[in-house]
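Scroll down for the structure; my scribbles are underneath it.
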Amino acid sequence: MSRSVIVLGAGMVGVSVALHLQRRGAQVLLLDRAPPGEGASFGNAGLIQREAVHPHPFPRDIATLWRMAQNRSVDASYHPSALLKLAGPLFRYWWHSAPSRYRPIAEAYARLIVTCIDEHVALTKNTDAAALLRPIGWMRLYGKQAEWNAALAEAETLKREHGVNYKALDQAGIAAAEPHLLVKRLGAIHWTDPLSVSDPQALTLFYARLFAEAGGRMVHGDAMSLQRKGNAWQVQSHEGTHDAAEVVVALGSASGRLTSRFGYAPPLFGKRGYHRHYRLQGNAVLNHGFLDSDSGFVLVPMRAGVRLTTGAEFAPDDAPKTPVQLARAEPLARGLLPLADAVEAEPWMGVRPCTPDMLPIIGPLPGQQGAWCAFGHAHQGFTLGPTTGRLLAEMMMGETPFIDPKPYLPARY
Ligand SMILES: Cc1cc2nc3c(=O)[nH]c(=O)nc-3n(C[C@H](O)[C@H](O)[C@H](O)COP(=O)(O)OP(=O)(O)OC[C@H]3O[C@@H](n4cnc5c(N)ncnc54)[C@H](O)[C@@H]3O)c2cc1C
1038 MSRSVIVLGA GMVGVSVALH LQRRGAQVLL LDRAPPGEGA SFGNAGLIQR EAVHPHPFPR
1098 DIATLWRMAQ NRSVDASYHP SALLKLAGPL FRYWWHSAPS RYRPIAEAYA RLIVTCIDEH
1158 VALTKNTDAA ALLRPIGWMR LYGKQAEWNA ALAEAETLKR EHGVNYKALD QAGIAAAEPH
1218 LLVKRLGAIH WTDPLSVSDP QALTLFYARL FAEAGGRMVH GDAMSLQRKG NAWQVQSHEG
1278 THDAAEVVVA LGSASGRLTS RFGYAPPLFG KRGYHRHYRL QGNAVLNHGF LDSDSGFVLV
1338 PMRAGVRLTT GAEFAPDDAP KTPVQLARAE PLARGLLPLA DAVEAEPWMG VRPCTPDMLP
1398 IIGPLPGQQG AWCAFGHAHQ GFTLGPTTGR LLAEMMMGET PFIDPKPYLP ARY
């Protein structure tokens, strides 16, 4: 008889886990309170980031910390009332970001990231979703000589150590790549490997469709209804009660709330982010996503318009939206590109599910037989969904994992 598994959460990570389990013969039920891809997987920058071999560390230099403490930056902001609650996980994040501790973390992170393009391509090969995955990379622009020199050296190191491909563009190269850019910059690193997805939710929906077409069942319900029933697991959906031998928690930033009910409370925290789309004036075009280092936000061409996505906001996941970074970024963005009006009246907000050691949590939930974790993918969950899906499915089905899972195991917390 085939294995029965309930996967909780239909974001990029949960859908990818469900698909990989199904392809290994498991009977999978996918539960979410909403349609697939409506959490963080909806509104990200859509970059499948082959270049992101190093996770985002907590800043450690005094100048950056002081700038962030002022709470007026474009790239980071916080709710002062949330600091006490976040202090523990953020202190641990800072601690893990010390160079000597960060080095092995970055090595473990790189082992996941280097697989990301192959794993997405494996799921989309010979399908019409291949058109969503634009092989155009993305660019980072530099306006200060010292930063540009450091960026060139870093890009060369990433190429040598992790096979990351890039082109260094001078001012003329930038103008040729982006003729409607309104500013001049010294240079740009064009990361050429990443795929740029023109509609991130559409990709998650596509993976969910592959799952459904192969006989997978998707239901709506509250994952918090999960209970242990003897050796099995039970959850309620709008359609009734569902039992399975195993359960996977892939609820993104909500994962810790559920696992803590079963005795596992890793120190997760959220980095909230916002987006809004803008039309371009006249016949202007944006060919690539880019981050201007002097500005601190990302602009990406999407189906819906130019998507402006913001950096990290440290606040409770469920606090009302406070899109101050978007308000600070918009005038700067108008200085970079000839943006016309905004497409939506209200900005979108989502939560990056983060861990203090910057590594995702993938593997058996400690002390609970038949329960598994797949969350904590922070800035790169859209990139890493299929990698995590394959890794966890291999672990669950007793296959030899294609990556050593040790650094990501839940038991480290
Ligand atoms: C502004 C921004 C830009 C980003 N850019 C990128 C990028 O370019 N590239 C990249 O790789 N990553 C990016 N990320 C990060 C990426 O979006 C996340 O890491 C990723 O989406 C996490 O996927 P997930 O499946 O773990 O979580 P989610 O997509 O959040 O999915 C969790 C699911 O759980 C469901 N759920 C939660 N609670 C319950 C419940 N009680 N009952 C039932 N269902 C529940 C939700 O409805 C949701 O569908 C960005 C994030 C933000 C915010």
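Just so we're on the same page, the working numbering is the position in the sequence shown counted from 1, plus 1037.
Here a beta-carbon is modelled for each residue, glycine too, at the ideal position from N, C-alpha and C.
Query, Result
"Closest residue to residue 1252 among 1059, 1048, 1049 and 1144 (Cα-Cα distance)", "1059"
"Residue 1416 CB to nearest heavy atom of ligand 1 below 7 Å", "yes"
"Sufficient close CB pairs (3 or more, under 8 Å) joining the region 1426-1434 to the region 1048-1063", "yes"
"Enclosing beta strand (DSSP E) for residue 1064 [first to last residue]", "1064-1069"
"Within 8 Å, strictly: CB atoms of residue 1102 and residue 1094", "no"
"Exposed unless 16 or more other CB atoms sit within 10 angstroms - verdict on residue 1077", "buried"
"Heavy atom of ligand 1 within 7 Å of residue 1075 beta-carbon", "yes"
"Ligand 1 heavy atom lying under 7 Å from the CB of residue 1176", "no"
"Beta-carbon separation (whole angstroms), residue 1086 vs residue 1420, contact threshold 8 Å", "5 Å"
"Residue 1451 CB to nearest heavy atom of ligand 1 below 7 Å", "A question about residue 1451 goes unanswered here, because the residues of the chain that appear run from 1038 up to 1450."
"Residue 1347 CB to nearest heavy atom of ligand 1 below 7 Å", "yes"
"Residue range of the alpha helix (DSSP H) that includes residue 1249", "1237-1250"
"For residue 1154, the residue or residues it bridges with in DSSP", "Partner(s): none; residue 1154 has no beta bridge."
"Residue 1091 CB to nearest heavy atom of ligand 1 below 7 Å", "no"
"Candidates 1190, 1152, 1181 and 1108: closest to residue 1224 by CA position", "1181"
"Ordered list of beta strand (DSSP E) runs contained in the region 1364-1392, each at least 3 residues", "1376-1379 and 1385-1391"
"Validate contact between the region 1253-1268 and the region 1187-1198 using beta carbons, cut 8 Å, 3 pairs", "no"
"Exposure label - residue 1387; buried when at least 16 CB within 10 Å", "buried"
"Whether residue 1299 touches residue 1408 by CB criterion (8 Å)", "yes"
"In DSSP terms, what residue 1228 is bridged to", "1175 and 1203"
"Distance cut-off 7 Å: residue 1432 Cβ against heavy atoms of ligand 1", "no"
"heavy atom of ligand 1 below 7 Å from residue 1420 C-beta", "yes"
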